[in-house]
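Enquirer: Okay, so the sequence shown: first residue is 1 according to the UniProt record's numbering, each after it adds one.
Next up is a structure, given as structure tokens.
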Amino acid sequence: MDGQARRKRLIEIIRKSDKPVSGTALANELDVSRQVVVTDIALIRANGIEITSTNRGYVLASENKCKRIIKSHHNDDQILDELFAIVDNGGCAENIIINHRFYNRLEAPLNVSSRRQAKEFMEAIVSGKSKSLSSATSGYHYHIISADNEETLDIIEQELKDLGFWLPLDDWILQ
């Protein structure tokens, strides 16, 4: 199987799976090394197909999801409240973005779409193994949130407003 056919098959495997697919499982299925899978994923991404790497494996971004950027402000003790407001209403916190005074725009994937994932994320922060990216900007940050439709995004945004986390977007984020 040549590289192009292998990458097509890789996308097909991830698309058909109802859960993340590990790099090892993909390597075994395609009879290649894990490094070949990593390289193929990079080439696929470079061609505009969104494949996300999670701690459980690779997932294909849903082509039918609506997305919205929101600005938020809260302290680390309120991270779980924010994430629960997103996932309990049918959303996924795809990433976190900060606008650091010296480092400029920094972005990291989250892909939190369930309470369990939110709790796992928070456990890493509470344990001291990690710090929240927003702690570098005194709690100010942005998320790309995805959901099945705009109405769901509206509900999530309203709940974040009700919690006092939501802020209007700055111009730089839209550039």
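Just so it is clear, CB atoms sit at the ideal spot from N, CA and C, and this is done for glycine as well.
1. Is there a Cβ of chain C sitting closer than 9 angstroms to that of L106, yes or no?
2. Judging by CA-CA distance, which residue of S72, I49, A25 is the nearest neighbour of L163?
3. Would you check if the distance between the CB atom of A61 and the CB atom of V87 is smaller than 9 angstroms?
4. Starting from residue 197, trace the beta strand (DSSP E) both ways and give me its first and last residue.
5. Could you check which residue in R68, R101, Q158, N89 has the C-alpha nearest to that of A136?
6. With DSSP as the reference, please indicate the residues paired to I125 in a beta bridge.
7. Between which two residues does the alpha helix (DSSP H) containing V38 stretch?
8. Assign L30 to one of three DSSP states: helix, strand, or coil.
9. Suppose contacts are defined by Cβ-Cβ distances below 9 angstroms. Is G91 in contact with I41 by that definition?
10. Among all the DSSP beta bridges, which residues are the ones paired with V21?
11. Starting from the Cα of N75, find the closest Cα among R116, R45, M122, E94 and give me that residue.
12. To the nearest angstrom, report how far apart S17 and L83 are at their CA atoms.
13. Going by DSSP, name the residue or residues bridged to L153.
14. In angstroms with no decimal places, state the Cα-to-Cα distance between N104 and I97.
15. What's the call for E12, buried or exposed, on a 16-neighbour Cβ count within 10 Å?
16. Expressed to the nearest angstrom, what Euclidean distance is found between the alpha-carbon atoms of L133 and L30?
17. Determine the closest residue to V112 out of E159, N89, R6, with distance taken between C-alpha atoms.
18. Using only CA atoms, which one of Q35, A124, V59, A46 lies nearest to E94?
19. Give the DSSP bridge partners of N99, in chain order.
Expert: Walking through what the data contain:
1. No chain C appears in this structure, which consists of one protein chain only.
2. Position 163 of the sequence shown holds residue 163. With distances taken between Cα atoms, L163 lies closest to S72.
3. Within the sequence shown, numbered from 1, the residue matching residue 61 stands at position 61. Within the sequence shown, numbered from 1, the residue matching residue 87 stands at position 87. Cβ distance not < 9 angstroms, so A61 and V87 don't count as in contact.
4. Look at the range of the chain in this structure, 1 to 175, and you will see that residue 197 is not part of it.
5. Within the sequence shown, residue 136 is the residue found at index 136, counting from 1. It is R101.
6. In the sequence shown, residue 125 corresponds to position 125, counting from 1. Note: I125 sits in no beta bridge, so no partner.
7. Residue numbering aside, residue 38 sits at position 38 when the sequence shown is read from its first letter. 34-46 is the extent of the alpha helix (DSSP H) around V38.
8. Walking along the sequence shown from the start, residue 30 turns up at place 30. The answer is helix: DSSP assigns L30 an H, G or I state.
9. Locating residue 91 in the sequence shown gives position 91, where the first residue counts as 1. Locating residue 41 in the sequence shown gives position 41, where the first residue counts as 1. Their beta carbons are not under 9 angstroms apart, which means G91 does not touch I41 by this criterion.
10. On the sequence shown, residue 21 is found 21 positions in, with the first residue counted as 1. DSSP output for V21 lists Y58 as bridge partner(s).
11. In the sequence shown, residue 75 corresponds to position 75, counting from 1. When each option's Cα is compared against that of N75, the closest is M122.
12. Working through the sequence shown from its first residue, we reach residue 17 at position 17. Working through the sequence shown from its first residue, we reach residue 83 at position 83. C-alpha separation (whole angstroms): 25 angstroms.
13. Sequence index remark: in the sequence shown, residue 153 carries index 153 (1-based). Answer is none; L153 lacks a bridge partner.
14. Here residue 104 refers to the residue found at position 104 of the sequence shown. Here residue 97 refers to the residue found at position 97 of the sequence shown. Approximately 10 angstroms, taken between the alpha carbons.
15. Within the sequence shown, residue 12 is the residue found at index 12, counting from 1. With fewer than 16 other Cβ atoms within 10 Å, it is exposed.
16. As a position in the sequence shown, residue 133 is number 133, starting the count at 1. As a position in the sequence shown, residue 30 is number 30, starting the count at 1. For L133 and L30, the distance between alpha carbons rounds to 36 angstroms.
17. Sequence index remark: in the sequence shown, residue 112 carries index 112 (1-based). Per the Cα distances, N89.
18. In the sequence shown, counting from the first residue as 1, residue 94 sits at position 94. Closest option to E94, Cα to Cα, is V59.
19. Sequence index remark: in the sequence shown, residue 99 carries index 99 (1-based). Its beta-bridge partners are R105.
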